[in-house]
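A quick write-up on the structure given underneath.
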Amino acid sequence: MATQFALGIDIGGSGIKGALVDLEAGDFATERMRIDTPQDSTPANVAAVVGEIVTNFADQLGDGPIGLTIPAIVQHGVTLSAANIHPSWVNCPAEKIFEDALGRDVVLVNDADAAGVAEVQFGAAKGNPGLVIMTTLGTGIGSAIIHRGALVPNSELGHLEIDGYDAEKRAAASVRTREGLSWEDYIPRLQRYYETVEFLFSPDLMVVGGGVSKKADKFLPQLKLRTPIVPAVLQNRAGIIGAACLAVEKVAQN
Ligand code: BGC
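Going by my numbering, the sequence shown opens with residue 80, and the numbers climb by one from there.
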């Protein structure tokens with residue numbers, strides 16, 4: 080029988096959040112627990128916080144799978160970059176560090192990959208039989224490429240170079256706030272970004288996540304694209320739910 084419950088933990092630049100996820104319902108089975116990310120967000124300090132969250136859910140989780148997300152490229156458990164977390168995550172055997180700290184297996188994935196998987200399984204792209212590209216507009220731009228339900232990990236489309244700029248430096252939601260851009264000023268940046276992604280990948284559906292997607296009506300209808308582009312529906316639950324999905328998938332493969 081497929082595993083129904085898994086713990087998802089979303090490691091972000093400001094908070095580390097976890098909840099038990101019911102994979103049949105596609106939603107949280109418990110309240111979410113949040114702890115501030117340690118100021119000094121080194122692997123050891125973050126692992127200690129993750130340990131607190133795992134302990135909190137230990138009774139309900141039993142020996143169920145644990146999935147973790149992190150704002151970094153994660154190749155075979157090794158973090159190769161670090162966005163808004165301590166630079167010591169670069170080239171760090173992160174999955175192993177968590178496993179050693181917790182004394183049990185975990186699955187570590189990129190944050191946007193997890194969010195994309197959740198949106199495809201339970202959210203805005205549910206049941207889409209083709210190529211889905213999820214982007215998260217936040218401090219940076221995260222991305223997930225999912226083809227017929229299979230994730231192509233670590234796509235990093237926030238770092239496409241467009242017109243000589245790293246795309247997220249022009250079009251992330253944080254840039255709009257930081258530069259005090261009106262929607263009128265910001266929308267052309269999103270247009271340029273999404274038309275480039277569309278041209279390069281010809282997706283069947285694009286999903287836009289991140290906090291700003293709550294205001295999707297302010298910008299999505301203005302974009303001129305041939306691809307349908309829709310707001311994410313799982314919002315800040317997506318990372319936790321997607322991490323849980325990917326953990327269950329990995330356990331099933333082993
Ligand atoms: C990072 C990605 C991450 C995204 C969202 C980007 O700056 O390169 O790895 O997924 O931010 O956090």
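We put the CB at the ideal spot given by N, CA and C, even for glycine.
Which runs of the beta strand (DSSP E), 3 residues or longer, sit entirely within the stretch 170-230? 186-189, 210-216 and 220-226
Going by the beta-carbon positions, is the gap between G91 and P166 smaller than 8 Å? no
Since I believe V186 is in contact with G146 (beta carbons under 8 Å), could you give me their beta-carbon distance rounded to a whole number of angstroms? 5 Å
Going by Cα to Cα distance, which pick from T275, S120, F84 and T306 is closest to W168? S120
Along the chain, where does the beta strand (DSSP E) that runs through D115 open and close? M112 to D115
In the DSSP assignment, find the unbroken beta strand (DSSP E) run with A98 in it and report its ends. G94 to D101
Apart from the five residues just before and just after S93, which ones in its own chain have a Cβ nearer than 6 Å to its Cβ? T116
List in chain order: all unbroken alpha helix (DSSP H) runs of 4+ residues lying wholly within the stretch 230-289. 246-250, 252-257 and 262-280
Taking the DSSP output, what are the residues bridged to T158? V153 and C171
For P307, collect the residues of the same chain with a Cβ closer than 6 Å to its Cβ; drop the 5 residues on either side in sequence, then sort them by chain order. L284
Shorter than 7 Å, the distance from the beta carbon of P150 to the closest heavy atom of ligand 1, or not? yes
Mark A123 as exposed unless 16 or more other C-beta atoms lie within 10 angstroms of its C-beta, in which case mark it buried. exposed
Identify whether P300 lies in helix, strand or coil by the three-state DSSP scheme. helix
Hey, would you say D190 sits closer than 8 Å to G318, going by beta carbons? yes
What would DSSP say about G130, mapped onto helix, strand or coil? helix
Rounded to the nearest angstrom, how far is the Cβ of L159 from that of F84, given a contact under 8 Å? So it is not a contact: roughly 30 Å between Cβ atoms.
I'd like the list of long-range same chain contacts for A223, defined as Cβ closer than 6 Å, with 5 residues on each side in sequence excluded. A191, D192, G195 and M213
Can I90 be considered in contact with ligand 1, in the sense that its beta carbon sits closer than 7 Å to one or more heavy atoms? no
Answer yes or no: the CB of D101 versus the heavy atoms of ligand 1, is any distance below 7 Å? no
Once DSSP output is grouped into helix, strand and coil, what is the label at D89? strand
Taking the alpha carbon of G105 as the reference point, which residue from K175, V199 and T134 has its own alpha carbon closest? V199
Neighbourhood of G209 by C-beta, 6 Å cutoff - its chain only, sequence neighbours within 5 removed: D283
For D142, list the residues DSSP reports as bridge partners. Beta-bridge pairing links D142 to no other residue.
When burial is assigned at 16 or more other CB atoms within 10 Å of the CB, is A204 buried or exposed? buried
Would you kindly check if the distance between the Cβ of V327 and the Cβ of P144 is under 8 Å? yes
Which residues bound the beta strand (DSSP E) around V309? I308 to P310
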